[in-house]
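Some notes on the structure that comes next.
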Amino acid sequence: TSGGGGDTVADDGIVISGSSTVEPISSLNAEKFHEREGVAVSVDGPGTGDGFARFCAGETDISDASRPIEDAEKAECEANGIDYTELEVAIDGLSVVTSPENTDVSCVSFGDLYALLGPESEGFAEWSDADALAEELGGSSGESQQPFPRIDLVVTAPGEESGTYDSFVEIVIKEIAEARGQEAVTRRDYTSSPNDNVIIEGVRGAPGSLGWVGFAFVTENSDELEALAVDGGEGCVVPSDATVGDGTYPISRRLYIYVNNRRAQENPAVADFVDFYLSDDGLASVEEVGYVRLPDADVAATRKAWQDARAA
Amino acid sequence: MATTSSPLKPTDLRIGRRRSHVERVVRFVLLAAAAFTVLISTLIVAVLFTEAAQFLLRVDLSSLWADGWYPRRGDFDILTLLIGTLLVTAIAMLIAAPLGLGAALYLSEYASPRARRTLKPILEILAGIPSVVLGYFALTLITPQVVQRMWPDANPLNIAAAGIGVGILIVPIVASISEDALAAVPAPLRDASIGLGARKISTTVRVVVPAAVSGIVASFIIAFSRALGETMVVAIAMGASGGALRTWDITQNGQTMTAAMISLVTGSDNVKGDTEAFQSLFFLGLVLFLLTFALNVLGERFVRRVRHRY
Amino acid sequence: MAADDSEKGTKLHALEEMAGVQTGREAGGHVEDQTEHAADAVLRCRDLSVSYSGWCALRGVSMGVPRNRITSLIGPSGCGKTTFLRCFNRMNDLIAGARVEGEVLYEGVDLYHPDVDPVEVRRQIGMVFQKANPFPKSIYDNVAYGLRLHGMRDDLDNRVEEALRHAALWDEVKTQLKQSALALSGGQQQRLCIARTIAVAPEVILMDEPCSALDPIATTKIEDLMRDLVGRFTIVIVTHNMQQAARVSDMAAFFTTEVDSQSDRRTGTLVEFDATDKIFTNPGDERTEQYITGRFG
Amino acid sequence: MAADDSEKGTKLHALEEMAGVQTGREAGGHVEDQTEHAADAVLRCRDLSVSYSGWCALRGVSMGVPRNRITSLIGPSGCGKTTFLRCFNRMNDLIAGARVEGEVLYEGVDLYHPDVDPVEVRRQIGMVFQKANPFPKSIYDNVAYGLRLHGMRDDLDNRVEEALRHAALWDEVKTQLKQSALALSGGQQQRLCIARTIAVAPEVILMDEPCSALDPIATTKIEDLMRDLVGRFTIVIVTHNMQQAARVSDMAAFFTTEVDSQSDRRTGTLVEFDATDKIFTNPGDERTEQYITGRFG
Amino acid sequence: MTSTVRTPEVSVDDAVRAAITRRGVRDVKGAVFQVLLLLCLLLALLILFALIFDVLRTALPVFADRGTDVLTSGNSSVPSRAGVWQGIVGSIAITVTVILVAFPLGVAAALFIEEYAADSRLMRFVSVNVRNLAGVPSVVYGILGFAIFVGALETFTGGRTMIAAGLTLAVLVMPIVVITTSESLRAVPRAIREGGFGLGATRWEVIRTLVLPYAAPGVLTGTILSISRAIGEAAPLILVGAAMGFFRSSATDGFWDTLDGTFTALPVLIYTWVRQPQAEFRELTAAAIVVLLGVLLITNTGAILLRNHYEKRRA
Ligand SMILES: Nc1ncnc2c1ncn2[C@@H]1O[C@H](COP(=O)(O)OP(=O)(O)OP(=O)(O)O)[C@@H](O)[C@H]1O
Ligand SMILES: Nc1ncnc2c1ncn2[C@@H]1O[C@H](COP(=O)(O)OP(=O)(O)OP(=O)(O)O)[C@@H](O)[C@H]1O
Ligand SMILES: [Mg+2]
Ligand SMILES: [Mg+2]
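Protein sequences appear in the order of chains A, B, C, D and E.
In this note's numbering, each residue carries its 1-based index in the first sequence increased by 348.
In this note's numbering, each residue carries its 1-based index in the second sequence increased by 410.
Take the third sequence: its position 143, counted from the start at 1, is 129 in this note's numbering, and no numbers get skipped.
Take the fourth sequence: its position 63, counted from the start at 1, is 49 in this note's numbering, and no numbers get skipped.
In this note's numbering, each residue carries its 1-based index in the fifth sequence increased by 104.
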């Protein structure tokens, strides 16, 4: 244990809640920290929104988040006098995947993805059904692969209850949908599963498959899945640690932790834990659980933000 | 001993104050416990009805007849879930009814007392297997080894595997209630048939089964109701994903009421905030409650018929 | 049994006075008179009827049970003997749907008076059942059970021994008091039940076919025991066995059933009540005679 | 019952020849002789013993059942009457642990020969049970049950009617053949069971206390029926009711139990077998007399 | 069939023998039928064995590599570090709550229904009500628990805690306890009760000294079986907010710390793990199932043995 006021440490422990996407990182760091310092850390992942609700009620020390805090949540925290520090800790990339047998397609634009998966694509049974729509959208979103092959389009992807679904809609679909006056959702007629195994199996199973999963799962199953390059307006980029890390791969999001400043001051264990989280050891967990490490510049920025907060 | 001299008064025939006091207190405490059971059902009904009513007031009623169950998009097509539930339950019954009844017939009519003593507990163990375990079994063994062999294109999450898993779960229910009903058929009926020169199979098929028929039907109804309410097997084997379209294809992914409820509360980000979607949970709960309640009342009635007959 | 007969002879002499009082009886009809004249009746009932869920199982019984005598109740199956017996210690209260009408007096007190607590009634009017029903406890605890309930805890050992001695069981079980009562033979179990009953010092003992599940030797023992006990208690016994009624009882009541031709339901009634030898040698009612000679039932 | 008595008188005359043949009997002992001389016995057993799980319930019974007569089996409870009766149609096969030793001949054929099919035996030797046990089907289907089983499907309606007529039930049920048999009264149910049995045209009808659950009127009807049927069938009846045995049967067999003092287990034996009036008026064995006069049991 | 036949019994013999002797064909239909029924039973049992075999086979490498470490480690997002400890702690705490609440309440309610209540219409309603409660799907109890114990009674239960979960499962199990207890009470011979009443015991004295001791084994068996049902339940726990995902808690250190905080239980842990993509988690799931089945096997076999033991003693 560090320094002086170790008396309250053992009693209080550290409470973390929030995004289930970030939970694996925090959870692994909690383990490591526990092994090292003997401090108990409790982590769970009901979801970002739930996490903030608890965080702003002062129930948790740290909140995991897969998106920045929203205005309503900010107001809530303010009302309760909760002062916090936002720390970026990792990047989560989403891979658009198809079967390795599908050699006709190698790169898709956001417009293509909207045409294949967006709300207007419902009923498209073959890839080529999306041609017209993709064409219409083609101009606005870069390099398009169409015409698509005439093979069955079999979509397997996370369901609406999942954070990965939300991220996909947020990054890929939302803008185009809003521009077209559509609801920001995907098509409904696909096999949705909360179980990533099943998605991988579904994508592997059909030559015309299409789906999206967390970036990490592709690296683990690279011989069964083909990750498509994505064109976000600046040319086709294949997802990799490097392209996701430096942000050139367009479908990625930042993952955050929010630290309650007062708790960090009162309970040295909380501060110690955040120190550890941002240390090289702690950030190594990001890759261990399958996310992408922040670029060095961002790491430095995060560390600085934390140092400033501690100093205050 | 005889007290002829001083005649008794009624109050002489009373027990001590302490004993009668204890009696009253105990009675009250036990009554309170029994009343508690009534309270629970009242609470269930009250909670379900009020929240479901709010849901129905708030939601656009036409969304109850959309063509899919996507609570987060405001599509609450209950028919999608009813079809999914029906398919799972029907497959489960197709498996459990013959298997359970066959096992019950064997145990009650053919097995030696010793065989029965060893085999019945094993069936009871099957009844004690938690549904998460059967869900795992359905997902990891039944889907690849059974369903995908019959239909190579079957989705890894499919209605058939969930149905088979639920079917295995309810086999012991059918077996044990049917066995009770068969065992309740009075021996004299069997004797009568045998005394007329009937063979075992004739006695079993023409006398014992017809005599036990209401118990057998009851076992089917109760198992059916249990299958309707089964959650985890379906949630695992069929996926408790956010939504589903109407489908009758058992090789594909579908959605039951129970799995839909689980997916409503297991969402990761930003899910529980959406009140309408969340309240649909209570609406589903109410529909499920009413369905199983009706079935159980029906099943009880059949069971009682057996009891009354003999 | 021969010994028994001779003993019975002397008892019957004593009874003749009783029987003398029991006059004024025609066949059927005016049964009520029977009770008015009973000399020293511990229990007395007037126009007693019992119905189960609205159907009358026993109608209009009036009679008195003489003190320190054995009164037997006989009659064909289903005529309401058990029903009648259970009115005397309010055991019928335990049967949902059973309703008792009329009057049952115990030492002049109406047993069905609201101030009367059936629990106390049952201590004073004990019961022995058809099938021996020892509790699944030790022999000692069986006898001590009632004593403990009623706070007769002082000198428990002596009271238990006393009761077992009176029940003619002490010598057979004194070395195994701590053993389970269920290990005893049927006859021993029944005597244990009698011991358990007399331990709490009741006034009256009601016995419902206490020997019907026993072999002849055990039956003889119980019959001897009853003759022993009758000096201290009043005994009412239901029996199916004519011979037993004749051997053991001083007074006998004969019940039968009347069939309601419309509903095909049967209702029990008291046909006659008299000294046992009178009933068996010279019954006043044709039905009694037919029954005793085995011509019906 | 008076009518019955007169009828019985004539039947008994006819029996005297039979009884004449049934000589050579001392009290107990040489029971075997009884069977050798039986004139025309449909069923005959020699040194028949039955044990349940190793314990002998019935020992060394030899007797013959005369054709077209009613033979009654009487004796105290547990003496093995039912056990004995069930040997005749191999119903004991169904009891796990039951073993039958000795010989049972039906028309001279050993019923326990390995080639014999018990199912066929039971068609030819039918059984009526203590408690009426109609199937929970319609009246018609109850009677048709056995007929259908044995492929006697032609002319089913007539056969059913015939059987019901013979069972003296036709007039009471002819308008309600499709109704559930369970709605009939106890006596009607028992006659239905008899109809069901005679429908398949057996040679022998075994009846195990067929009237014990019935009221006197229903009992009389069944007794009349038995006297009617005996011209066409051979009847063996177990009864507890001495009067019934006396009223209805031509021959009577009296069984009793012997208690093994060591193990306290009882084994049944045949005490005597003779013309019914002989058994009831002038029994050859003291135990028979004691039982019949009600002095034991 | 046979008329008055006198001397030449041979011919009668033959006719009768022919009539009652087995014909050539044995009872084929009957044999086939019996075999079919036996197959049904065996198939049901075979499924059980297949399941157990499959789980054991999958779980074996985990136990071989890590030994009891799987039992004592907490949850983790790294499969090789993850264990079932929190699940065990949660399941134990929930089970204890269930026992403390459902057992006394259930037995008391059953005693009232069976021993005190007159056979009135009201009481028939109560017992029908209990039977129906036993048939209500467990998810519905989850909703009730969420609305009442997590919501309305939050100040008392602390929201999504083991207490709320335990109370929810207690309410779920209680009807089963009532039913099995009622059955055991009904199995107490009338003669024993009458013996007690005949000696002047009050109703409660009869119950306490005679009925309960006699019914105890049956009551216990029923209770154990219903509690083992609670141990295997996942759905209601998920509804009352058991933690999913790679939840860590201070339970890795201590038992009591976790009573008022986030919790999980063995079945929930299984549900979480079965959805993970890594193959190692599949093995881990199997290992957790082995642990769960082990616990249930012990409790259920115990209950069944207990029952058989007493049944034999009674017989
Ligand atoms: N608990 C009960 N509920 C309804 N009817 C009953 C009940 N107990 C007895 N009866 C009926 O009341 C009538 C008299 O019964 P009871 O037991 O008093 O006759 P019994 O003379 O003792 O007969 P047995 O000699 O067979 O013991 C019978 O018809 C019986 O069916
Ligand atoms: N299935 C059986 N298993 C073991 N023992 C039996 C069985 N059936 C009868 N017994 C015993 O065999 C003996 C004779 O029984 P059985 O039923 O033949 O007597 P019973 O003369 O018909 O008596 P009752 O007049 O009471 O009907 C009895 O002691 C009985 O307990
Ligand atoms: Mg009686
Ligand atoms: Mg018998």
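Even for Gly, the Cβ is constructed at its ideal location relative to N, Cα and C.
| query | result |
| --- | --- |
| Run through chain B and tell me which residues come within less than 7 Å of S332(E), C-beta to C-beta. | G538 |
| Where K123(C) and L168(C) are concerned, what is the direct C-alpha to C-alpha distance, given to the nearest angstrom? | 8 Å |
| Should E195(C) be listed as close to ligand 3, given that the test is whether its C-beta is under 7 Å from any heavy atom? | yes |
| Return the residue from the list G406(A), E434(A), E568(A) and E549(A) that minimises the CA-CA distance to T539(A). | E549(A) |
| How many Å lie between A346(E) and T313(E) at the Cα? | 42 Å |
| In the DSSP assignment, the beta strand (DSSP E) including R108(D) goes from what residue to what residue? | That residue, R108(D), is in no beta strand (DSSP E); its alpha helix (DSSP H) goes P104 to Q110. |
| From E614(A) to F621(A), what distance separates their C-alpha atoms? | 13 Å |
| Would you kindly report the start and end of the unbroken beta strand (DSSP E) that includes Y432(A)? | Y432 to T446 |
| Please report whether the beta-carbon of F301(E) lies at a distance below 8 Å from any beta-carbon of chain C. | yes |
| Just the chain B side, please: which residues come within less than 7 Å of D117(E) by C-beta, in chain order? | Residues of chain B passing the Cβ test: none, with the nearest at roughly 21 Å. |
| Using 7 Å as the cut-off, classify the Cβ of Y277(C) as near or not near the heavy atoms of ligand 1, replying yes or no. | no |
| Spell out the partners DSSP gives L192(C) in its beta bridges. | M113(C) and V222(C) |
| Using the Cα positions of V643(B) and V576(B), report the straight-line distance between them to the nearest angstrom. | 6 Å |
| Count the other CB atoms within 10 Å of the CB of E272(D); is the residue buried (16 or more) or exposed (fewer)? | exposed |
| Locate the beta strand (DSSP E) running through N608(A), then write down its first and last residues. | S600 to N608 |
| State the start and end residues of the unbroken beta strand (DSSP E) segment that holds L257(E). | Run containing L257(E): none; DSSP gives neither H nor E here. |
| Looking at the structure shown, is R616(B) part of a helix, part of a strand, or coil, going by DSSP? | helix |
| Report yes or no: do three or more beta-carbon pairs, one from the stretch 135 to 148 of chain C and one from the stretch 85 to 103 of chain C, lie closer than 8 Å? | no |
| Residues of the stretch 543 to 566 of chain A with a CB closer than 7 Å to any CB of chain B: list them in chain order, please. | N543, V546, E549 and G550 |
| For H99(D), count the other beta carbons within 10 Å of its own beta carbon; 16 or more makes it buried, fewer makes it exposed. Which is it? | exposed |
| Given 7 Å as the limit, tell me if K67(D) has its C-beta closer than that to any heavy atom belonging to ligand 5. | Questions concerning ligand 5 fall outside what the structure shown contains, since the ligands it does hold are ligand 1, ligand 2, ligand 3 and ligand 4. |
| Compute the minimum distance between the beta carbon of S63(D) and the heavy atoms of ligand 2, and state whether it is under 7 Å. | yes |
| DSSP puts M228(D) in a beta bridge; with which residues? | According to DSSP, M228(D) bridges with nothing at all. |
| Assign T279(D) to one of two classes, buried (16 or more other C-beta atoms within 10 Å of its C-beta) or exposed (fewer than that). | exposed |
| Does the separation of the CB atoms of T253(D) and I60(D) fall below 8 Å? | no |
| Output needed for T261(E): all residues of its chain with C-beta closer than 6 Å, excluding positions within five of it in sequence on either side, in chain order. | F253, I267 and A268 |
| Is the CB of P372(A) under 8 Å away from at least one CB in chain E? | yes |
| Output the boundary residues of the alpha helix (DSSP H) element that contains P372(A). | E371 to E385 |
| Whole angstroms are fine: how far does the CA of Y625(A) sit from the CA of W654(A)? | 11 Å |
| Compare the C-beta of T539(A) against all C-beta atoms of chain B and say whether one is closer than 8 Å. | yes |
| Is H431(B) buried or exposed, if buried means 16 or more other CB atoms sit within 10 Å of its CB? | exposed |
| Which residue spans inside the stretch 135 to 204 of chain D form an unbroken alpha helix (DSSP H) run of at least 4? | 142 to 152, 156 to 159 and 172 to 185 |
| Assign N268(C) to one of two classes, buried (16 or more other C-beta atoms within 10 Å of its C-beta) or exposed (fewer than that). | exposed |
| Assign C425(A) to one of three DSSP states: helix, strand, or coil. | helix |
| Tell me, to the nearest whole angstrom, how far the beta carbon of G194(E) is from that of T368(E); I am working on the premise that it is less than 8 Å. | 5 Å |
| Which value, in whole angstroms, describes the spacing of the CA atoms of E420(E) and S633(A)? | Any answer about residue 420(E) is impossible in this case: the structure gives chain E only from 105 up to 419. |
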